[in-house]
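Each remark here refers to the structure printed beneath this line.
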Amino acid sequence: DSVRNVVSFNIFIRGLFENGKVEEASSLWKSLQENECVADSTTYGVLIHGFCRNGYLNRALCLLTEAEDRGNDLDVFAYSSIINGLCNAKRVDEAIDMLDRMAKHGCKPNTCVYNTLINGLIRASKIEDAIRFFREMVTKDCLPTVVTYNTLIDGVCKAERYDEAYLLVKEMLEKGWKPDMITYSMLIRGLCQGKKIAMAQSLWCEVVEKNGLKADVIMHNILIHGLCSAGKVRDALQLYLRMNQCDCVSNLVTLNTLMEGFYKSRDCKNASVVWARILRSGLKPDIISYNIVLKGLCS
Numbered sequence: 001d002s003v004r005n006v007v008s009f010n011i012f013i014r015g016l017f018e019n020g021k022v023e024e025a026s027s028l029w030k031s032l033q034e035n036e037c038v039a040d041s042t043t044y045g046v047l048i049h050g051f052c053r054n055g056y057l058n059r060a061l062c063l064l065t066e067a068e069d070r071g072n073d074l075d076v077f078a079y080s081s082i083i084n085g086l087c088n089a090k091r092v093d094e095a096i097d098m099l100d101r102m103a104k105h106g107c108k109p110n111t112c113v114y115n116t117l118i119n120g121l122i123r124a125s126k127i128e129d130a131i132r133f134f135r136e137m138v139t140k141d142c143l144p145t146v147v148t149y150n151t152l153i154d155g156v157c158k159a160e161r162y163d164e165a166y167l168l169v170k171e172m173l174e175k176g177w178k179p180d181m182i183t184y185s186m187l188i189r190g191l192c193q194g195k196k197i198a199m200a201q202s203l204w205c206e207v208v209e210k211n212g213l214k215a216d217v218i219m220h221n222i223l224i225h226g227l228c229s230a231g232k233v234r235d236a237l238q239l240y241l242r243m244n245q246c247d248c249v250s251n252l253v254t255l256n257t258l259m260e261g262f263y264k265s266r267d268c269k270n271a272s273v274v275w276a277r278i279l280r281s282g283l284k285p286d287i288i289s290y291n292i293v294l295k296g297l298c299s
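By the UniProt record's numbering, the letter at position 271 of the sequence shown is numbered 271, and the numbering carries on one by one without gaps.
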């Protein structure tokens with residue numbers, strides 16, 4: 001009967017946390033303790049995750065200590081929640097220490113835990129630490145996934161270390177991982193921001209034209225924006241035309257970007273053609289569209 005009560009409690013309290021009812025969940029937890037109903041590891045996991053998710057990190061840390069002191073074997077779900085909470089609170093050093101702490105209590109960090117930590121380190125701009133733990137994963141029998149690589153690639157791109165991002169994609173391919181649309185979109189955006197347009201175009205040619213990746217409208221828009229920013233409006237136009245040929249429907253962002261590119265290159269005639277296409281295609285111009293036109297005509 002006690003077991004059934006705990007199981008019911010776990011389900012109920014998870015629902016309260018998911019609906020943001022933290023105080024009600026706390027009251028229910030207090031009631032369980034007063035009725036001497038013995039909480040199990042799942043209970044502590046649900047409580048820890050719930051408090052972390054709702055921003056009550058210190059309460060979660062107190063529960064973690066309590067569970068460990070009582071000998072409850074917590075799983076990676078609980079520790080991942082704590083690590084994520086610590087990273088969100090910019091307490092990154094404590095998040096790093098949590099790896100040793102969980103191992104000490106018999107919980108081996110897995111890929112999910114490392115992904116959480118690496119993501120937190122990236123958000124805290126601790127790129128070197130993120131790379132160090134990324135490399136450590138293999139030695140701990142934790143294979144990086146596409147999510148791990150994407151997180152790191154995004155981080156090194158934001159740190160303007162574009163060559164390293166390019167090498168990470170090559171490493172993925174060499175190790176048999178298949179980069180996805182997100183991987184290539186992040187890398188192409190990074191290369192464009194780093195003014196490495198030739199590398200971005202070469203990568204596009206390799207993965208889209210040679211390997212047959214079906215690029216979506218977001219990926220097209222990233223490269224079109226990069227080409228326009230670099231003054232390569234003709235290349236951007238060609239990409240736009242090919243986009244329509246391969247059944248990828250352009251959107252307002254595509255045409256706004258192209259129109260702005262033509263205005264910046266002082267090609268008002270083609271900018272007007274793009275504006276006419278926006279109106280003819282049934283797309284509704286937004287404030288950005290009108291600003292581009294006004295600025296273009298006044299310059």
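The C-beta atom is built at its ideal place from N, Cα and C for all residues, glycine as well.
When the distance is taken between beta carbons, is CYS112 closer than 8 angstroms to VAL169? no
Report the residue from TYR240, CYS52 and ALA67 whose alpha carbon sits nearest the alpha carbon of ASP216. TYR240
Taking HIS105 as the reference, which of ILE118, GLY85, ALA95 and ARG70 has the closest Cα? Comparing alpha-carbon positions, the option among ILE118, GLY85, ALA95 and ARG70 lying closest to HIS105 turns out to be ARG70.
Leaving aside the five residues before and after TYR149 along the sequence, list all residues of the same chain whose C-beta is less than 7 angstroms from its C-beta, in chain order. Answer for TYR149: LEU168, MET172, TRP177 and THR183, listed in chain order.
What runs of the alpha helix (DSSP H), each 4 residues or longer, lie entirely inside the UniProt repeat "PPR" (251-285)? 252-264 and 268-280
DSSP three-state call for GLY85: helix, strand or coil? Taken through DSSP and simplified to helix, strand or coil, GLY85 comes out as helix.
Skipping 5 residues on each side, what residues in its chain have a beta carbon closer than 6 angstroms to that of ASP1? Caution is warranted here: a pLDDT of 49 is assigned to ASP1, below 50, making its placement in the model unreliable, and the coordinate value is therefore given only provisionally. Nothing meets the Cβ criterion.
Over the uninterrupted alpha helix (DSSP H) stretch that includes VAL46, give me the two end residues. 41-53
Span separating the alpha-carbon of CYS248 from that of ILE96: 43 angstroms
Report the rounded CA-to-CA distance for ALA230 versus PRO179, giving the unit in angstroms. 26 angstroms
Measure the C-alpha to C-alpha separation of GLY282 and THR254 and round it to an integer number of angstroms. If I take the Cα positions, the gap works out to 14 angstroms.
Residue from THR139, ARG189, MET181 and CYS142 with nearest C-alpha to LEU163: The residue asked about is misnamed: residue 163 is Asp in this sequence, not Leu. The option with the nearest alpha carbon to ASP163 is ARG189.
Skipping 5 residues on each side, what residues in its chain have a beta carbon closer than 7 angstroms to that of ASN256? ILE288, SER289 and ILE292
Burial state of ILE139 (16 or more Cβ within 10 Å): For the record, residue 139 in the displayed sequence is Thr; it is not Ile. It is exposed - the Cβ of THR139 has fewer than 16 other Cβ atoms within 10 Å.
Inside the stretch 1-38 only - alpha helix (DSSP H) runs reaching at least 4 residues: 2-18 and 22-34
Residue burial classification, PHE12 (beta-carbon count within 10 angstroms, cutoff 16): Exposed: under 16 other Cβ atoms inside 10 Å.
If you run the structure through DSSP and keep just helix, strand and coil, what is GLU160? coil
Please indicate yes or no: does the CB of ILE278 lie closer than 7 angstroms to some heavy atom of the ligand HEM? Only the bare structure without any ligand can be found here, which leaves the ligand HEM out of the picture.
Between the CA atoms of TRP275 and GLY296 - distance to the nearest angstrom: When rounded, the distance between both Cα atoms is 12 angstroms.
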